[in-house]
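Visitor: This is the structure, below, for whatever I ask next.
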Amino acid sequence: MNDLSDVIEADRAHVWHHLTQHKPLETNNPRIIVEGKGMRVWDQSGREFLDAVSGGVWTVNVGYGRTAIADAVHAQLVKMNYFAQSVGSIPGSEFAKKLIEKMPGLSRVYYVNSGSEANEKVFKMVRQIAHKKYDGKKTKILYRDRDYHGSTLATMSAGGQDERVMQFGPLAPDFVRVPHCMEYRAQWDLTGAEYGRKAADAIEEVILREGPETVGLLCLEPVTAGGGVIEAPEGYWERVQEICKKYDVLLHIDEVVCGMGRTGKWFGYQHYGIKPDFVTMAKGVASGYAAIAITVTTEEVFELFKDDPSDKLNYFRDISTFGGCTAGPAAALANMQIIEDENLLDNTTKMGERMLANLNKLAEKHEVIGDVRGKGLFVGAELVVDRETKEPAEEAKVGAVVAACNARGVIIGATNRSVPGFNNTLCFSPALIATADDIDEICNAVDEALTEVFGG
Ligand code: PMP
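Taking my numbering, the leading residue of the sequence shown gets 5, the next gets one more, and so forth.
Set out below in structure tokens:
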């Protein structure tokens, strides 16, 4: 195979793409991305795109073509590529130390391959803790409407986006949904911190209904990602923390999307003064230069698994083969170094503010923009038919806006899979290296695309 028509043919004949309906690909060419540099990628025909979604799913935080990461991975691989994580590795130890320096209160790092897997490890730890400490009770795992935690059966059982879960049942038992905290589509006639506290109180109601002695974990995204880019209102996190403490429920923050700088701090939870018992991360950890995901927990949780060495079943009986690949932590170390050296957290905050300001300006012109929201370089614009009723814009039209941006050389996303056919939130998550010009170019494309599709 040496030219791209062979590649396209092989793709069409053999590759099953993720989240893709394949019928249209029988007549259209699949897109093959062949090269990337900074914020830009090029497809098989040589067309250049400004990537406003960091590799489609909020992953390539430091941008494309980073030779420093490739070189670090290369050097590590030729020295020592793999050994099972039941032993240690140099980059695994070094990255764990650097990471924990950024996460006060946490102390143990468990290496795996994907965000789903990192979350599932938490669920397994919590189930084992229930058996070790609570006589087999406290096995229930609470998750929130609109949040997403992965594609495996157990993580789908914690899936708050119905479109992703439909037709995959039966799911795993003892996963219980709590209401969302989104003020834009309010469930209670309150605003601001009162709304935030009420949304947290709704979690307490679920705990009381289920019986606090049965609930082991509350699993939340710091900013809901695929569910529509949703930040909790003021007052929410403080109450959540109180409730977890009161009922002895461990708190798990899923930072698979928000982790490693995406929101302008190393981790999303660090905006809100939360003290989690578990944090999981994946996408930005190595910016897609290697597959790596991590479950982080406290020394207190870790201690529970080593208190009786005479009991052979007492430790965490779990393994992840590719958690032992050294490419992951080697890439993660270099990735973190870039974020520090280039001051990318500050840049993310500044550019995020610019993006929000630009989109709010567009909202003055385009009635269809019902809400603009986000944190750092993680921004959403929810499209509605009517600002009063907030009826969601038609999914096909939202898709047309995404396509119109594409036609202008800008790749954006649309998300919010909580209700089937309700994918009405434009989503922007450019790399943390984005410049003011990049942000303006993205927003100009959106402006033109909205005019093309909705008029005005
Ligand atoms: N948690 C969140 C918040 C996610 O957005 C995702 C992926 N989109 C996952 C977990 C699952 O990660 P992965 O696809 O790496 O399994």
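Where is the CB? At the ideal position from N, CA and C, for every residue including glycine.
1) Quick one: give me the first and last residue of the beta strand (DSSP E) that glutamate 386 is part of.
2) Start and end of the beta strand (DSSP E) containing cysteine 431?
3) Which stretch, first to last residue, makes up the alpha helix (DSSP H) that contains glycine 148?
4) Secondary structure at arginine 377, three-state DSSP: helix, strand or coil?
5) Have a look at serine 90 and leucine 366 and give me their C-alpha separation to the nearest angstrom.
6) Taking 8 Å as the cut-off, does the region 101 to 120 touch the region 220 to 229 (at least 3 CB pairs, one atom from each stretch)?
7) How many whole angstroms separate the CB atoms of phenylalanine 53 and valine 414, which I take to be in contact at a CB cut-off of 8 Å?
8) Can you tell me where the beta strand (DSSP E) holding histidine 256 begins and where it ends?
9) Can you give me the C-alpha to C-alpha distance between methionine 5 and glutamate 30, rounded to a whole angstrom?
10) Hey, would you say glycine 60 sits closer than 7 Å to glycine 40, going by beta carbons?
11) If you draw a straight line from the alpha carbon of valine 219 to that of alanine 14, how long is it in whole angstroms?
12) Which residues in the same chain as phenylalanine 99 place their Cβ atom closer than 7 Å to its Cβ, once the five residues preceding and following it in sequence are excluded?
13) What does the Cβ neighbour count give for histidine 78, buried or exposed, with the cut at 16 atoms within 10 Å?
14) Output needed for leucine 348: all residues of its chain with C-beta closer than 8 Å, excluding positions within five of it in sequence on either side, in chain order.
15) Mind checking whether alanine 88 and isoleucine 298 have CB atoms under 7 Å apart?
16) Whole angstroms is fine: what's the gap from glycine 200's alpha carbon to tyrosine 240's?
17) Any idea if histidine 135 is buried or exposed, counting beta-carbon neighbours within 10 angstroms, 16 or more meaning buried?
18) Which of helix, strand or coil does DSSP assign to methionine 5?
19) Determine the contact status of lysine 144 and glutamate 246, defining contact as a CB-CB distance below 7 Å.
20) Can you say whether tyrosine 86 is buried or exposed, counting buried as having 16 or more other CB atoms within 10 angstroms of its CB?
21) In three-state DSSP terms, what is glycine 328?
22) How far does the alpha helix (DSSP H) with tryptophan 241 in it extend, from its first residue to its last?
23) By a C-beta neighbour count over all protein chains shown, 10 Å radius and 16 as the cutoff for buried, is threonine 323 buried or exposed?
24) Tell me the residue span of the beta strand (DSSP E) that contains valine 38.
25) Do we get a CB-CB distance below 7 Å when we pair asparagine 85 with the residues of chain B?
26) Classify tryptophan 62 as buried or exposed, calling it buried when 16 or more other Cβ atoms lie within 10 Å of its own Cβ.
27) Tell me, please, whether the region 381 to 401 touches the region 354 to 368 by the rule of three or more beta-carbon pairs shorter than 8 Å.
28) How big is the Cα-Cα spacing for tyrosine 251 and aspartate 312?
29) What did DSSP end up calling tryptophan 472 once you bin it into helix, strand or coil?
30) Less than 6 Å between the CB of histidine 153 and some heavy atom of the ligand PMP, yes or no?
31) Which first and last residues belong to the alpha helix (DSSP H) in which glycine 96 is found?
32) Express the C-alpha separation of histidine 18 and glutamine 48 in angstroms, rounding to a whole number.
33) Using 8 Å for Cβ pairs, my map puts lysine 142 next to glutamate 217. What's the rounded Cβ distance?
34) Could you check if glycine 378 belongs to the surroundings of the ligand PMP, using beta carbon to heavy atom distance under 6 Å?
35) Compute the Euclidean distance between the alpha carbons of phenylalanine 306 and valine 130, then round it to the nearest angstrom.
Guide: The answer reads as follows:
1) Along the sequence shown, one-based indexing puts residue 386 at 382. Residues 383 to 387.
2) Counting from 1 along the sequence shown, the entry for residue 431 is found at position 427. Counting along the chain, the beta strand (DSSP E) containing cysteine 431 begins and ends at 429 to 432.
3) Your numbering for residue 148 matches position 144 in the sequence shown. The amino acid at residue 148 is misidentified as glycine; the sequence shows arginine. Unbroken run through arginine 148 is the beta strand (DSSP E), 144 to 148; no alpha helix (DSSP H).
4) Stepping through the sequence shown from its first residue, residue 377 is reached at position 373. Of the three classes helix, strand and coil, the one that applies to arginine 377 here is strand, per DSSP.
5) Looking up residue 90 in the sequence shown gives position 86. Looking up residue 366 in the sequence shown gives position 362. Per the coordinates, the alpha-carbon of serine 90 lies some 53 Å from the alpha-carbon of leucine 366.
6) The answer is no - the region 101 to 120 does not touch the region 220 to 229, with fewer than three Cβ pairs under 8 Å.
7) Residue mapping note: residue 53 aligns to position 49 of the sequence shown, counting from 1. Residue mapping note: residue 414 aligns to position 410 of the sequence shown, counting from 1. Right, the Cβ-Cβ distance comes to about 7 Å (below 8 Å), so this counts as a contact.
8) Translated into positions along the sequence shown, residue 256 becomes position 252. Unbroken beta strand (DSSP E) run through histidine 256: 254 to 258.
9) The residue you call residue 5 lines up with position 1 of the sequence shown. The residue you call residue 30 lines up with position 26 of the sequence shown. Residue placement at methionine 5 cannot be trusted, given a pLDDT of 43 that sits under 50; the coordinates are not used to answer.
10) Residue numbering aside, residue 60 sits at position 56 when the sequence shown is read from its first letter. Residue numbering aside, residue 40 sits at position 36 when the sequence shown is read from its first letter. For glycine 60 and glycine 40, no; Cβs fall outside 7 Å.
11) Reading the sequence shown from its first residue, position 215 is the one you call residue 219. Reading the sequence shown from its first residue, position 10 is the one you call residue 14. About 49 Å.
12) Taking the first residue of the sequence shown as 1, we reach residue 99 at position 95. Around phenylalanine 99, the same chain offers Pro333, Ala336 and Leu337 as residues with beta carbons nearer than 7 Å, after the five sequence neighbours per side are excluded.
13) Locating residue 78 in the sequence shown gives position 74, where the first residue counts as 1. Exposed, by the Cβ-count rule.
14) Working through the sequence shown from its first residue, we reach residue 348 at position 344. Hits under 8 Å: Asn65, Val66, Gly265, Ile342, Leu436 and Ile437.
15) Position 84 of the sequence shown holds residue 88. Position 294 of the sequence shown holds residue 298. The answer is no: Cβ separation not under 7 Å.
16) As a first step, residue 200 must be located in the sequence shown, where it is residue number 196. As a first step, residue 240 must be located in the sequence shown, where it is residue number 236. Straight-line measurement puts the Cα of tyrosine 240 at about 4 Å from the Cα of glycine 200.
17) Here residue 135 corresponds to residue number 131 of the sequence shown, with the count starting at 1. That one is exposed.
18) Within the sequence shown, the letter at position 1 stands for residue 5. With a pLDDT of 43 at methionine 5, under the threshold of 50, the modelled position of that residue is not reliable, and no figure is offered here.
19) Here residue 144 refers to the residue found at position 140 when the sequence shown is read from its first residue. Here residue 246 refers to the residue found at position 242 when the sequence shown is read from its first residue. No, the pair does not count as a contact, with Cβ atoms beyond the cut-off.
20) Numbered from 1 along the sequence shown, position 82 holds the residue referred to as residue 86. When all chains shown are included, tyrosine 86 counts as exposed.
21) Here the question's residue 328 lines up with position 324 in the sequence shown. Three-state DSSP puts glycine 328 in a helix.
22) Against the sequence shown, residue 241 aligns to sequence position 237. Taken as a continuous stretch (DSSP letters only), the alpha helix (DSSP H) holding tryptophan 241 covers 240 to 250.
23) Along the sequence shown, read from residue 1 onward, the residue named residue 323 stands at position 319. Here residue 323 turns out to be isoleucine, not threonine, going by the sequence shown. With a threshold of 16 other beta carbon atoms within 10 Å, isoleucine 323 falls short and is exposed.
24) Within the sequence shown, residue 38 is the residue found at index 34, counting from 1. Start and end: 37 to 41.
25) Reference to chain B is not applicable here, since this structure consists of a single protein chain.
26) The residue you call residue 62 lines up with position 58 of the sequence shown. Within 10 angstroms of the beta-carbon of tryptophan 62 lie 16 or more other beta-carbons, which makes it buried.
27) Yes: at least three Cβ pairs fall under 8 Å.
28) Numbered from its first residue, the sequence shown carries residue 251 at position 247. Numbered from its first residue, the sequence shown carries residue 312 at position 308. Rounded to the nearest angstrom, the two C-alpha atoms are 26 Å apart.
29) No information on residue 472 is available, as it lies outside the stretch 5 to 460 that the chain covers here.
30) Position 149 of the sequence shown, counting from 1, holds the residue named residue 153. Histidine 153 Cβ: within cutoff of the ligand PMP.
31) To locate residue 96, count along the sequence shown from 1; it is residue 92. In the DSSP assignment, glycine 96 falls within the alpha helix (DSSP H) that extends over 94 to 105.
32) The count along the sequence shown starts at 1 and reaches residue 48 at position 44. The count along the sequence shown starts at 1 and reaches residue 18 at position 14. Per the coordinates, the alpha-carbon of glutamine 48 lies some 18 Å from the alpha-carbon of histidine 18.
33) The sequence position of residue 142 within the sequence shown is 138, counting from 1. The sequence position of residue 217 within the sequence shown is 213, counting from 1. Correct: roughly 7 Å between the Cβ atoms.
34) Start at 1 with the first residue of the sequence shown, and residue 378 comes out as number 374. In terms of side-chain proximity, the C-beta atom of glycine 378 is found no nearer than 6 Å to any non-hydrogen atom of the ligand PMP.
35) The residue you call residue 306 lines up with position 302 of the sequence shown. The residue you call residue 130 lines up with position 126 of the sequence shown. So the alpha carbons of these two residues sit roughly 11 Å apart.
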